[in-house]
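Residue numbers (our numbering): 1 to 449. These notes are about the structure you will find just below.
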Amino acid sequence: MKIFTTVFAQASVLQSQSKVTADSSRVEQENHILNIYPEVTSQTILGFGGAVTESSAVVYQKMDSSAKSRFLQACFGKEGLAYTYGRCSIGSCDFSLSQYDDFKKTNSKEIDLTHDDRCILPLLRDIRAVVPLQLMMAPWSPTAAWKTNNSRIGGGKLKKEFWTSYAAFLCHYVKAYRDQGFPVPYLSIQNEPRAVQTWDSCLFSSEDEYLFLRDSLSEALNKNHLSQTKVLLYDHNKERLFDYVNDIYHHKKIRPFVGAAGYHWYSGDHFDAIRLLVKKYPELTIAFTEGCNEHSNSMARSEEDKAFRYAREISEGINAGSSLFIDWNILLNHEGGPNYVGNYCDAPIMANEGGTDFNFRFPYYALWHYSHFIKPGALAIGTTRFSDQLDFCSVKNQDGTIIAIIANPSETQIEAFLRLENAVFPLSIPPKSLTTAIFDTNTIRLVAA
1 MKIFTTVFAQ ASVLQSQSKV TADSSRVEQE NHILNIYPEV TSQTILGFGG
51 AVTESSAVVY QKMDSSAKSR FLQACFGKEG LAYTYGRCSI GSCDFSLSQY
101 DDFKKTNSKE IDLTHDDRCI LPLLRDIRAV VPLQLMMAPW SPTAAWKTNN
151 SRIGGGKLKK EFWTSYAAFL CHYVKAYRDQ GFPVPYLSIQ NEPRAVQTWD
201 SCLFSSEDEY LFLRDSLSEA LNKNHLSQTK VLLYDHNKER LFDYVNDIYH
251 HKKIRPFVGA AGYHWYSGDH FDAIRLLVKK YPELTIAFTE GCNEHSNSMA
301 RSEEDKAFRY AREISEGINA GSSLFIDWNI LLNHEGGPNY VGNYCDAPIM
351 ANEGGTDFNF RFPYYALWHY SHFIKPGALA IGTTRFSDQL DFCSVKNQDG
401 TIIAIIANPS ETQIEAFLRL ENAVFPLSIP PKSLTTAIFD TNTIRLVAA
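The structure is reproduced here in structure tokens:
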């Protein structure tokens, strides 16, 4: 068994290696145990990814060619985060340079990808040269003329007389990206459908989302031969994940068009909402579709705490039943933008002040422990832990390799014993650390970084 440990220090990331052997005298160990049960399998992990926003693409464009190449490898390369998914907005979002609509005429099938052609699609093509990329697409708002408040911002609702036109627009947008060579397995009806924002936003109740899907979007998907694109429900904070999705998905008529339910992290843990949904609808893919350390709410967090926020979200998400994890912006400038409404956020990779190169933030190293070692197609497997002071999850990759990841966000070193069947490995888990364990024989290798 190999173990990779990242210890987050304030100033630098250091590396050291050592080996540990299973302790045969600890076979009956009862206290401080972390158990792994590979015979108890649950959901398949589809993969990891991040959002390819206009903001990310503009920052990328400004980099020199060397930095671009290193960034692509850091995010999508096999030695980096190994992302295989991207999330793209349909039209503008807060991480755009301005508000914009991507259609030429109200009822036209021709989609105007002017903004996308400037920088988003070129970045996607560069990513595709590194790894085959699958996209999740989500609208932040319909065009202003189709809304009750006549504005892309400030919430408002989609007028019912434009449901058919809007459903067609969404499908034509997906087809435009598919024609560019990018598969779109998931389409969200609305990003954060319960939020009124000072940027692009639109309100959809669960009843609205159900009726729009039943009466308009399902027909448009069929008409445009988009059977490979499945609807992702909700796409908002998970405290209402179960309620909202259940309100829609219990209607069996729309189920052939639905493939997933998505959630964000901004309202707290609520991992039991995932468990409830998985228990009632085990066939649904549950996806973490957005999370970031937004400046408005997280400036008091240390860099370590920002990293462990990701570790907790992914570990506990896997334990609860999530299959797909998509971070917010893959890249931002040193200010946390650009953002046309000043809604600045951190990203795992941020450009330097000159914009020609970039720096890794601590969340990058946290994400790396999961996305680098947990391969698409892995099965989540059973675990138990002696303390909720640690975040702990385990998977079995398709090649049979068992991976366990342990996060210790505390200020205290924790003594523990990692047990797989009859092999027990004593671990001293450093404070503020992440440990990835790859099982092989009765030996472990520790890499501290």
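Glycine residues also receive a C-beta, built at the ideal position from the N, C-alpha and C atoms.
Tell me the DSSP secondary structure of Asn333 in three-state form. One-based indexing of the sequence shown puts residue 333 at position 333. Residue state, collapsed to three classes: coil.
DSSP beta-bridge partners for Arg87? Along the sequence shown, one-based indexing puts residue 87 at 87. Beta-bridge pairing links Arg87 to Ala51 and Met136.
Neighbour-count burial assignment, Val196, 16 or more Cβ in a 10 Å radius: Sequence index remark: in the sequence shown, residue 196 carries index 196 (1-based). Looking at its Cβ environment, which holds fewer than 16 other Cβ atoms inside 10 Å, Val196 is exposed.
Hey, how far is the Cα of Phe425 from the Cα of Leu367? In the sequence shown, the residue the question calls residue 425 occupies position 425. In the sequence shown, the residue the question calls residue 367 occupies position 367. So the alpha carbons of these two residues sit roughly 25 Å apart.
For Asp101, count neighbouring Cβ atoms within 10 angstroms of its own Cβ and tell me buried if that reaches 16, exposed if not. In the sequence shown, counting from the first residue as 1, residue 101 sits at position 101. Its Cβ being crowded by 16 or more others within 10 Å, Asp101 is buried.
Counting pairs of Cβ atoms below 8 Å between the stretch 406–414 and the stretch 343–353, do you hit three or more? no
How many angstroms separate the CA atom of Thr435 from the CA atom of Leu420? The count along the sequence shown starts at 1 and reaches residue 435 at position 435. The count along the sequence shown starts at 1 and reaches residue 420 at position 420. Rounded to whole angstroms, Thr435 to Leu420 spans 16 Å at the Cα level.
Got a sec? Which residues, its chain only, sit under 6 Å from Gln29 by beta carbon, not counting five neighbours each side? To locate residue 29, count along the sequence shown from 1; it is residue 29. Closer than 6 Å at Cβ, skipping near neighbours: Phe417 and Val424.
Looking only at its chain, what residues have a beta carbon closer than 6 Å to the beta carbon of Ser188, apart from the 5 residues adjacent to it on each side? Position 188 of the sequence shown holds residue 188. Within the same chain, Ser188 has close Cβ partners Ala138, Leu232 and Asp235.
Neighbourhood of Asn191 by C-beta, 6 Å cutoff - its chain only, sequence neighbours within 5 removed: Position 191 of the sequence shown, counting from 1, holds the residue named residue 191. Exclusion of the five residues before and after Asn191 leaves Ala138, Trp140 and Asp235 as the residues of its chain whose Cβ lies within less than 6 Å of its Cβ.
Rounded to a whole number of angstroms, what is the C-alpha to C-alpha distance between Asp272 and Lys280? As a working note, residue 272 is residue 272 in the sequence shown. As a working note, residue 280 is residue 280 in the sequence shown. Cα to Cα, the separation comes out at about 12 Å.
Contact between the stretch 290–308 and the stretch 150–165: three or more CB pairs below 8 Å? Two segments are said to touch when three or more pairs of C-beta atoms, one from each, lie closer than 8 Å; by this definition the stretch 290–308 does not touch the stretch 150–165.
Beta-carbon spacing of Leu135, Val184 below 8 Å: Working through the sequence shown from its first residue, we reach residue 135 at position 135. Working through the sequence shown from its first residue, we reach residue 184 at position 184. Result yes, Cβ atoms of Leu135 and Val184 sit closer than 8 Å.
Suppose the cutoff is 8 Å on Cβ atoms and the five residues either side in sequence are ignored; what does the same chain contact list for Ala176 look like? Residue 176 sits at position 176 when you count from the first residue of the sequence shown. The residues are Ile111 and Leu113.
Of the residues Leu226, Ile330 and Cys393, the one placed nearest Gln73, counting alpha carbons only: As a working mapping, residue 73 is identified with position 73 in the sequence shown. The residue with the shortest Cα to Cα distance from Gln73 is Ile330.
Can you round the beta-carbon distance between Phe288 and Phe257 to whole angstroms, since I take them to be within the 8 Å contact cut? Residue 288 sits at position 288 when you count from the first residue of the sequence shown. Residue 257 sits at position 257 when you count from the first residue of the sequence shown. At roughly 22 Å, the Cβ-Cβ gap does not stay under 8 Å, so Phe288 and Phe257 are not in contact.
Is the beta carbon of Gly50 sitting closer than 8 Å to the one on Asp327? Within the sequence shown, the letter at position 50 stands for residue 50. Within the sequence shown, the letter at position 327 stands for residue 327. It is a contact, given that the beta carbons lie within the stated cut-off.
Is the stretch 220–228 close to the stretch 122–131, with three or more CB pairs under 8 Å? no
Please say whether Leu123 and Val52 have beta carbons closer to each other than 8 Å? Reading the sequence shown from its first residue, position 52 is the one you call residue 52. Reading the sequence shown from its first residue, position 123 is the one you call residue 123. In contact: Val52 and Leu123 (Cβ atoms closer than 8 Å).
Pick out whichever of Cys393, Ala380 and Ser428 has its Cα sitting closest to the Cα of Val40. Start at 1 with the first residue of the sequence shown, and residue 40 comes out as number 40. Comparing Cα-Cα distances from Val40 to each of Cys393, Ala380 and Ser428, the minimum goes to Ala380.
Minimum Cβ-Cβ distance from Pro132 to chain B less than 8 Å: Looking for chain B here will not work: only one protein chain is present.
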